[in-house]
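Here is the structure we will look at.
There are 2 protein chains.
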Amino acid sequence: MQYKIGDIIEIIAKGTNYIGKVMPNSTKETVFLKLKSGYNIGISKDEIKSIRLLNKAGKKDVNVQKKFEHKKGLPTIAILHTGGTLASRVDYETGAVSSRFKPEELIELFPEINEIANIKSVFISNMFSDQMVFNDYIKIAKAVLKEADSEGIKGIIIGHGTDTMHYTAAALSFMFEHIKIPVILVGSQRSSDRGSSDAPMNLICAIEFINKTSFHGIAICMHESHSDDACLILPGTKTRKIHTSRRDAFKAINDKPIARVNYKTRTVELFKKVEKEKPIHNILKPKLETKVGILKTYPNMSSSVIKAFKGYKGLVIEGTGLGHMPIAESNENKKIFNEIKKLIKSGCIVVMASQCIFGSVNMNVYSIGRDLLNLGVVPAEDMTAETAYIKLAWLLANYKRTQVKELITKNLRGEIKDRILPDEYLTTNDLDQRNA
Amino acid sequence: MQYKIGDIIEIIAKGTNYIGKVMPNSTKETVFLKLKSGYNIGISKDEIKSIRLLNKAGKKDVNVQKKFEHKKGLPTIAILHTGGTLASRVDYETGAVSSRFKPEELIELFPEINEIANIKSVFISNMFSDQMVFNDYIKIAKAVLKEADSEGIKGIIIGHGTDTMHYTAAALSFMFEHIKIPVILVGSQRSSDRGSSDAPMNLICAIEFINKTSFHGIAICMHESHSDDACLILPGTKTRKIHTSRRDAFKAINDKPIARVNYKTRTVELFKKVEKEKPIHNILKPKLETKVGILKTYPNMSSSVIKAFKGYKGLVIEGTGLGHMPIAESNENKKIFNEIKKLIKSGCIVVMASQCIFGSVNMNVYSIGRDLLNLGVVPAEDMTAETAYIKLAWLLANYKRTQVKELITKNLRGEIKDRILPDEYLTTNDLDQRNA
């Protein structure tokens, strides 16, 4: 029997009948079906007894359409689409990935979503997150506010590219002084049309978390491990992508995940207390200073690199270890010291984070750190460079210079913790051990 | 009885007698002794029956001195001292740490070292590694060559600050085209005079590894976990400091550790094959190009940051995800694209690594990656930005431009692997699980 990608077909194999949409990763030997449950299945052609065409691709699928009807008793969740791999298809000729799904198509791909929530799809953009600029954050924040202020929205999911998802999460965390509902950023490491995509599970776990907890605030939902057991809900200001390709690329940094959502049992395990009292109003301060930068230091660097930040209002230095950078011993290092001095004298707020990623800076231990403190460099404490960068840009746009210097080292949105616990390093495995 | 820091005393407490040197972390309530075995012990004053002074501080300690005699049957290991926390003392008035130990003093602190090897102490410098420049790498490399070429040296240990120890390890890895003996970089996260210092265990494990294997090449030896069970021997080109303060701050990136040294049993467990055939000669190519830089990209960055690298021969970009950076969508991003284009046209070799740290770049998946490849950007594959930076500096000083572009993506010293295995992500815990 002939069938095409996108057709809805019924297959009888091994005594069972399977109804689903033919996926683009089907080969000469195997048909891949997207089942109604949202799961994908690969069926070897040798095992197929019969195939029946139920609905041609492109034709309106009555069954799928039905699912979009508002179901009583289900919460309404707004999905804001910004693009990224989640909204991408594989081009099976070139093997390349491009952003092409429309919001409705995406939801249609994962019919199970419509069984656990009424989805309101909102299109914002269709871009990869590595191209986002501050204006995109502001656009997203305003769209979030609109939905959060609407009647009857239980929570918001933002479909987002993974490259800079942690920067966006930090930006929304600071810009929303108060938010009444959960805002969960969800990405995927494999495009949504692939059988192996992590997109449906990440979306479903985010919805289950919204449905089953009273959390409000900004978080990220991604796979906990490379298997499809559970997703983690990760804190918006203390999370980072630390692997280029794995589905468990996002880890909490110097912090615990907020929760684990078990994909099989649909249970939510909270690792942090969720504030029960919700704010009365959503308050958004969507301004970000653009004259801010990040500078990673390295051995043998030149002082000319610092000069590039002349006229900047803020700079986050990603130093080494506890917050050091080359400022002594060699002549060029001493020039770097003078350039930092000039920058600070010009009014630029210079913040020190660490390229170690994990752990806190502590500039009181070694003389280099103390020299930098004396110069006026402000420690980022246990913030990642990415969170410190976004916080600095947000503070500079909303507060006076003296206030900014003070607020940088103060915890505003969970971004600074007094103490990092032993199990907050490479958290996933430690959590597993704790629960073993 | 009166005693001072540095005195050798005998204490009788709980029916046992303890002989050792009074440590600076002793308090009014507790005496901390450095025992002959190298271990530290804290004895509550309530429990002390009697104290006897054996040798005053500053006076030549006959017992300790004896240990420095050449012992037959023990291998000779050269310890090259460059400084860092390992060579540091805590100033108990200010709580600050400074580099102050002389090589002989350091070995004296850990008498056990002299029971497992004859130590040849070589002073190179007394600096913190965050201040090191390429000239320091060359100085260290030449000192390594001198020892490696000497008769009867079984292996070399380099005492080194931890901040940039992975940069130095990469530099030595590339500069030594051949090395006949093991060269192990050892640091510590707590200064050597503190009871809680990780220095003695790291040094002893490095010595045991040299004594008990036929490994030759460059590696790092540091704690495996936060407990004092084992050290890992980590590959010189695939290791990074990923925590600011923990003793298990160093992790293999996209690779396995070379070995585990059990501190209790003194057994060495190899995770990688060690080439039995050793090179006949040590070959050092100690040149490094200085006009090379690292640039971390971030959302909303300005094109002016790229201009700072005008005239550079090489630049490693630490992009996002699989190797992306802002070059499209916004006007400023498009300007960045043009600046990269100019830089490449001027002859600069631009290499793309990922700020994710773990995983490989893959610039064929998304259009942004392909646009950068078309522009002439060279992927760093699964190298860290730090290793790619050192490799680029070394290649540019030793090869022609066209050769450099080719060699960057080729494996020369274990820095590029065809495939990253699932257990090469956050390795420590996975290793534990494997052995459980």
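Note that the protein sequences, when read in sequence, are chains A and B. One rule links them: number in the numbering used here = place in the first sequence (from 1) + 2. One rule links them: number in the numbering used here = place in the second sequence (from 1) + 2. Glycine included, C-beta positions come from ideal geometry on N, C-alpha and C. Computed from a prediction, not measured in an experiment: that's the story for all the values here.
Taking its Cβ as the centre, do 16 or more other Cβ atoms sit within 10 Å of residue i, making it buried, or is it exposed?
i	result
residue 322(B)	buried
residue 216(B)	exposed
residue 59(A)	exposed
residue 225(B)	buried
residue 301(A)	buried
residue 388(B)	buried
residue 113(A)	buried
residue 152(B)	exposed
residue 85(A)	buried
residue 165(B)	buried
residue 401(A)	exposed
residue 376(B)	exposed
residue 380(B)	buried
residue 340(B)	exposed
residue 383(B)	buried
residue 320(A)	buried
residue 259(A)	buried
residue 423(B)	exposed
residue 435(A)	With a pLDDT of 42 at residue 435(A), under the threshold of 50, the modelled position of this residue cannot be trusted; read the value that follows with caution. Exposed, by the Cβ-count rule.
residue 294(A)	buried
residue 276(A)	exposed
residue 421(B)	exposed
residue 117(B)	exposed
residue 246(B)	buried
residue 405(B)	exposed
residue 347(B)	exposed
residue 299(A)	buried
residue 149(A)	buried
According to DSSP, what are the bridge partners of residue i?
i	result
residue 178(A)	286(A)
residue 444(B)	Not covered by the structure: residue 444(B). The range shown for chain B is 3 to 438.
residue 224(A)	234(A)
residue 271(A)	262(A)
residue 125(A)	83(A)
residue 22(A)	11(A) and 37(A)
residue 157(B)	79(B)
residue 184(A)	219(A)
residue 74(A)	In DSSP, residue 74(A) forms no bridge with anything.
residue 242(B)	253(B)
residue 46(B)	32(B)
residue 55(A)	11(A)
residue 91(B)	100(B)
residue 322(A)	326(A)
With a CB to CB cut of under 8 Å and the five nearest residues on each side skipped, what residues in its chain are close to residue i?
i	result
residue 136(B)	173, 290, 292 and 395
residue 192(B)	87, 198, 199, 200, 201 and 249
residue 37(A)	20, 21, 22 and 43
residue 267(B)	none
residue 91(A)	26, 99, 100, 102, 103, 193, 194 and 195
residue 329(A)	335, 336, 338, 339, 342, 370, 373 and 374
Starting from the C-beta of residue i, find all residues in its chain whose C-beta is less than 7 Å away, skip the five residues before and the five after it, and write them out in chain order.
i	result
residue 180(A)	281, 283, 284 and 285
residue 417(A)	239, 240, 385, 389 and 393
residue 230(B)	203 and 265
residue 358(B)	323
residue 443(B)	This structure gives no information on residue 443(B), because the portion of chain B shown stretches from 3 to 438.
residue 15(B)	45, 49, 50 and 51
residue 279(A)	none
Report all residues from its chain with a CB closer than 6 Å to the CB of residue i; omit the five preceding and five following residues, and keep chain order.
i	result
residue 125(A)	83 and 105
residue 409(A)	397
residue 129(A)	85
residue 220(B)	171, 174, 175, 185 and 238
Below 8 Å on C-beta distance, what does residue i contact in chain D?
i	result
residue 295(B)	Absent from the structure is chain D; the protein chains it does hold are A and B.
Next item on the list: Entirely within the region 329-407 of chain B and at least 4 residues each: give me those alpha helix (DSSP H) ranges in chain order.
Entry: 333-347, 369-377 and 387-400
Check: Is it true that the region 203-223 of chain B meets the region 155-162 of chain B, where meeting means three or more beta-carbon pairs spaced less than 8 Å apart?
Finding: yes
Checklist line | Ordered list of alpha helix (DSSP H) runs contained in the region 98-151 of chain B, each at least 4 residues | finding: 105-111, 115-118 and 136-151
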